[in-house]
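Residue numbers (my numbering): -16 to 300. For each residue, glycine too, the CB sits at the ideal point set by N, CA and C. Reviewing the structure listed below.
Following this line, the structure appears as structure tokens:
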């Protein structure tokens, strides 16, 4: 999750020409310290360096991977709220904190007042205030961590809200915070989501290129969703249905799509499958080979029409 630091989001310059590719930009030769001293990094360069992954990404503060875990009646949400109250003094966040502070003193209180807390999170995130979005998005994922499976009833609302914020905000920091938040939500609810990823995919597909989006939004959506597809691949030996079902659903949906954003949708799915397959440092993930085999098998299925196979091969190549 985004680091627990004072919010200092700033606006990057607009690109002279809109990007049309989902892929990351190629790394350039490192400059010397003296040449970097007065270098202003543009939006495209900043975006290309970001990576959304709830496994390899570390979070400072409560609930971090490898950090301390809370016990008893302690709440991840409340512990993080206490930290953020001292770090973020924006008016929007201060108002939010006043609304929820007295009803979140412990985990039982958070659970008892979950509807009120969730309503406040959605209300203040929807305002889109850049100075307060980092703590609000961080707290949303901590809230999901507290609720665990109880968060399922809030999940669709949370995903729709956060994805919309990411897609409509031009700040690179907001894009990163938003999709990092989604990645953590996917991780915390993965046990419930992986058995049937189709509802989540249908919710997220507009941000994967099914509808016209900025290329970096498509890439981040693909990276966030790939965690769950990869998860389905690692459990394939126990049950083939989750991976088979979502791969077939994705490719069928792509084959039926005939919109102006078709090329971006193709790139979005290519990115999703690539991120599902690869591991660290260019290696294959433990479930990557299974995902690739499943994708290949579907593309060359003799029972499918030539049109469907042709559309599927657009993703595979």
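Buried or exposed, going by whether 16 or more other CB atoms sit within 10 Å of the CB of residue 72? On the chain shown, residue 72 is found 89 positions in, with the first residue counted as 1. Under this definition residue 72 is an exposed residue.
Examine the Cβ distances between the stretch 74 to 83 and the stretch 106 to 121 and report whether three or more of them are shorter than 8 Å. yes
Can you tell which of 213, 236, 202, 228 has its C-alpha closest to the C-alpha of residue 254? For the purposes of this step, residue 254 is taken as residue 271 along the chain shown, with counting starting at 1. Selection 213, 236, 202, 228 evaluated against residue 254 yields 202 as nearest (Cα-Cα).
Determine contact between the stretch 147 to 167 and the stretch 91 to 105, defined as no fewer than three beta-carbon pairs at a distance below 8 Å. no
Using only the alpha-carbon positions, how far apart do residue 233 and residue 164 sit? As a working note, residue 233 is residue 250 in the chain shown. As a working note, residue 164 is residue 181 in the chain shown. Those two C-alpha atoms are separated by around 23 Å.
Might you give, ordered along the chain, the residues of its own chain that have their beta carbon closer than 6 Å to the beta carbon of residue 225, omitting 5 neighbours on each side? In the chain shown, the residue the question calls residue 225 occupies position 242. Same-chain partners within the cutoff: 177, 178, 215.
Alpha carbon to alpha carbon, what distance is there between residue 257 and residue 250? Your numbering for residue 250 matches position 267 in the chain shown. Your numbering for residue 257 matches position 274 in the chain shown. Going by the C-alpha atoms only, they are around 10 Å apart.
What residue range does the alpha helix (DSSP H) around residue 91 cover? By one-based count along the chain shown, residue 91 stands at place 108. Taken as a continuous stretch (DSSP letters only), the alpha helix (DSSP H) holding residue 91 covers 90 to 95.
Could you spell out the range, first to last residue, of the alpha helix (DSSP H) harbouring residue 134? In the chain shown, the residue the question calls residue 134 occupies position 151. Here residue 134 belongs to no alpha helix (DSSP H), and DSSP marks it neither H nor E.
What is the DSSP secondary structure of residue 214, counted as helix, strand or coil? Here the question's residue 214 lines up with position 231 in the chain shown. DSSP places residue 214 in helix when its eight states are reduced to three.
Between residue 281 and residue 230, how many whole angstroms is the CB-CB distance? I'm expecting something under 8 Å. As a position in the chain shown, residue 281 is number 298, starting the count at 1. As a position in the chain shown, residue 230 is number 247, starting the count at 1. Their Cβ separation, rounded to whole angstroms, is 6 Å, which keeps residue 281 and residue 230 in contact under 8 Å.
May I have the straight-line CA-CA distance separating residue 65 from residue 122, to the nearest angstrom? Residue 65 sits at position 82 when you count from the first residue of the chain shown. Residue 122 sits at position 139 when you count from the first residue of the chain shown. The alpha-carbon atoms of residue 65 and residue 122 are separated by roughly 11 Å.
How many whole angstroms separate the CB atoms of residue 180 and residue 142, which I take to be in contact at a CB cut-off of 8 Å? Taking the first residue of the chain shown as position 1, residue 180 is located at position 197. Taking the first residue of the chain shown as position 1, residue 142 is located at position 159. Going by Cβ atoms, the distance from residue 180 to residue 142 rounds to 13 Å, so no, they are not a contact pair.
Neighbourhood of residue 127 by C-beta distance below 6 Å, restricted to the same chain and skipping five residues each side: Position 144 of the chain shown, counted from the start, is the residue given in the question as residue 127. Answer for residue 127: 134, 168, 171, listed in chain order.
Give every residue of the same chain whose Cβ lies closer than 7 Å to the Cβ of residue 137, excluding the five residues on either side of it in the sequence, and list them in chain order. Within the chain shown, numbered from 1, the residue matching residue 137 stands at position 154. These residues qualify, in order along the chain: 101.
Straight-line CA distance for residue 130 to residue 97? For the purposes of this step, residue 130 is taken as the residue at position 147 of the chain shown. For the purposes of this step, residue 97 is taken as the residue at position 114 of the chain shown. Each residue's Cα considered, the two are about 8 Å apart.
Measuring CA to CA, which of 193, 184, 198, 192 is closest to residue 153? Against the chain shown, residue 153 aligns to sequence position 170. Among 193, 184, 198, 192, the Cα nearest to that of residue 153 is on 198.
Tell me, to the nearest whole angstrom, how far the beta carbon of residue 190 is from that of residue 204; I am working on the premise that it is less than 8 Å. For the purposes of this step, residue 190 is taken as residue 207 along the chain shown, with counting starting at 1. For the purposes of this step, residue 204 is taken as residue 221 along the chain shown, with counting starting at 1. With 8 Å as the limit, residue 190 and residue 204 qualify as a contact, their Cβ atoms being about 4 Å apart.
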